[in-house]
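Residue numbers (the numbering used here): 25 to 382. Just so it is clear, CB atoms sit at the ideal spot from N, CA and C, and this is done for glycine as well.
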C-alpha cells in the first residue's frame with residue numbers, strides 16, 4: 025500500500041493504521057472451507073446480536089430497579105455484564121485469553137507479585153486496538169468507559185519542513201541496517217489538537233466506537249468532563265485509552281494529553297497499566313485488531329469475520345502521567361512507539377475513504 029506510505033512512522037517504519045494482512049500461502053484451503061465458515065459465522069453473529077439485545081434490556085433497563093441500592097445494583101449489573109461478555113468472547117472463538125502480570129521490579133529484592141485488582145476510582149490505562157479488549161475489560165471489571173472529546177476534527181495538514189510539535193521521536197534512527205528507512209514522502213507530525221474532556225458511554229457504545237475518531241466538541245450536546253471529575257465520582261474503575269482511537273496493534277500511537285497536570289507519583293488512587301497484543305493474521309484467521317471503523321453497524325462486519333473462523337488465538341512533559349503510562353506500556357508489551365497520533369488518523373481516513381471510492 026505505497027499510496028499510504030506518508031502514514032508510515034519515519035522513526036520505525038511502522039504503518040499503524042492499515043489492517044494487517046496475512047502472508048501469502050494456503051489461500052486455496054481457506055477459500056475452499058469459507059462457505060462452512062460463513063454459515064457458522066452467520067449463526068454466531070445472530071446469537072451475538074441477541075446477546076446485545078439481552079444486555080440492552082436486562083443491564084440497561086431492568087437492572088435500573090436496583091438503582092436505589094447502589095451496592096446491589098453494582099453487583100447485579102456486574103454479574104450480567106460479565107456473563108454476557110464472556111459468552112460473546114466465546115462465540116467469536118476466544119476460548120482462552122492469556123494474561124501476564126508483569127512486576128515492576130525483578131530479582132531477589134523484588135516484592136511478592138502484586139494483585140491486578142482495580143477498584144472504584146482507580147484508572148485502567150490501555151492501548152486500544154479492537155473491541156475485543158473492551159469486552160474483556162467488561163468481563164473482568166465492569167468498568168466505566170469514556171470517550172475523548174476534542175476541540176475539533178479539522179486537523180491542519182502538515183507541510184514539509186515544518187517544525188515538529190514533538191520534542192521526542194520514538195524509535196531508532198541510526199541510518200544503517202534495518203533501521204535505514206527511506207521515506208521521502210513522510211509527513212511531519214500533525215499539530216496536536218487539545219482533548220477538552222471525556223464523556224461516559226455504555227459498553228455497547230464503546231464497542232460501536234472502536235476504530236472511530238474522538239468526538240468533536242461542536243458535535244455533542246453533553247458537556248465534557250475531566251478524567252478527575254469522572255474518576256472522583258466513580259463507583260467502579262475507569263478505563264482510559266490515551267491513544268484516543270484504535271491502531272492496528274503493531275505500535276503505540278502518540279498519546280494525547282488526557283490527564284492534564286496530574287503529578288507523579290499518583291497518590292489518591294491507583295493507575296493500572298495494561299498492554300494488549302494480538303497475533304498477526306493468517307490465511308485461516310483474520311486480525312483481531314480493528315483500526316478502521318465500518319461504515320455500517322460498526323463493528324458488525326469485523327465481528328462476522330471473527331465468528332466465521334475457528335482458528336483464533338489469543339523528561340518534562342505536558343502530561344507526565346500519559347507519558348509514564350506510554351513508556352510502561354511499551355516496555356511491558358514489548359511494543360514500539362510511533363510519533364503518529366489520532367490527529368494523523370483524521371487525514372489518513374480522508375485519504376483511505378477517498379481511495380476506496382475510486
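Return the chain-ordered list of same chain residues with a C-beta closer than 7 Å to the C-beta of residue i, the five sequence neighbours on each side being excluded.
i	result
residue 45	305
residue 370	177, 179 and 237
residue 92	none
residue 232	322
residue 342	281
residue 63	none
residue 283	251, 343, 345 and 346
Once you ignore the five residues that flank residue i on each side, which residues in its own chain have a CB closer than 6 Å to its CB?
i	result
residue 313	153, 154, 272, 273 and 302
residue 108	75 and 79
residue 67	none
residue 329	310
residue 339	Annotation note: pLDDT 48 at residue 339 (below 50); position unreliable, coordinate value reported separately. So the list is empty, once near-sequence residues are dropped.
residue 337	At residue 337, the pLDDT of 48 sits below 50, so the modelled position is not reliable and the matter cannot be decided from this model.
residue 65	328, 331 and 332
residue 163	106, 109 and 110
residue 268	172, 238, 280 and 366
residue 344	288
residue 349	149 and 297
residue 113	159
residue 90	96, 97 and 100
residue 51	307
Please name the residue, chosen from the options, that lies closest to residue i on a Cα-to-Cα basis.
i	options	result
residue 333	41, 69 and 103	69
residue 298	123, 51, 374 and 247	123
residue 235	279, 319 and 60	319
residue 290	146, 72 and 88	146
residue 168	125, 229 and 120	229
residue 359	275, 287, 310 and 59	275
residue 72	327, 366, 378 and 343	327
residue 355	171, 113 and 126	126
residue 346	357, 288 and 300	288
residue 40	247, 361 and 252	361
residue 158	270, 42, 293 and 294	270
residue 250	226, 285 and 90	285
residue 264	243, 161 and 246	161
residue 142	255, 324, 300 and 378	255
residue 324	42, 119, 47 and 156	156
residue 258	378, 119, 48 and 166	166
Measuring only the C-alpha atoms, how far is residue i from residue j?
i	j	result
residue 266	residue 80	27 Å
residue 31	residue 368	8 Å
residue 219	residue 280	7 Å
residue 176	residue 374	15 Å
residue 98	residue 104	10 Å
residue 88	residue 100	10 Å
residue 150	residue 28	26 Å
residue 56	residue 307	12 Å
residue 261	residue 59	42 Å
residue 352	residue 294	15 Å
residue 376	residue 95	47 Å
residue 61	residue 117	12 Å
residue 357	residue 121	15 Å
residue 241	residue 170	15 Å
residue 226	residue 83	10 Å
residue 199	residue 221	Note on residue 199: pLDDT 42, under 50, position unreliable in the model; no value is reported.
residue 86	residue 174	34 Å
residue 316	residue 372	10 Å
residue 223	residue 102	21 Å
residue 383	residue 139	As displayed, the chain neither begins before 25 nor continues past 382, which places residue 383 out of reach and without an answer.
residue 253	residue 247	12 Å
residue 144	residue 48	47 Å
Could you pull the DSSP bridge partners for residue i from this structure?
i	result
residue 48	The partner list for residue 48 (beta bridge, DSSP) is empty, contrary to what the question assumes.
residue 240	174
residue 296	148
residue 361	276
residue 283	Paired residues: none, contrary to the question.
residue 168	262
Start and end of the beta strand (DSSP E) containing residue i?
i	result
residue 224	219 to 225
residue 264	262 to 264
In the DSSP assignment, find the alpha helix (DSSP H) that holds residue i and state where it starts and stops.
i	result
residue 160	156 to 165
residue 329	324 to 331
residue 98	94 to 115
residue 85	Run containing residue 85: none; DSSP gives neither H nor E here.
residue 251	251 to 256
Is the closest heavy atom of the ligand FAD to the C-beta of residue i under 8 Å?
i	result
residue 66	Looking for the ligand FAD in the displayed structure turns up nothing, as the structure carries no ligands at all.
Keeping to the same chain, check which residues put their C-beta closer than 8 Å to that of residue i; ignore five residues upstream and five downstream.
i	result
residue 53	307 and 308
residue 244	173 and 223
residue 216	189, 280, 281, 365 and 367
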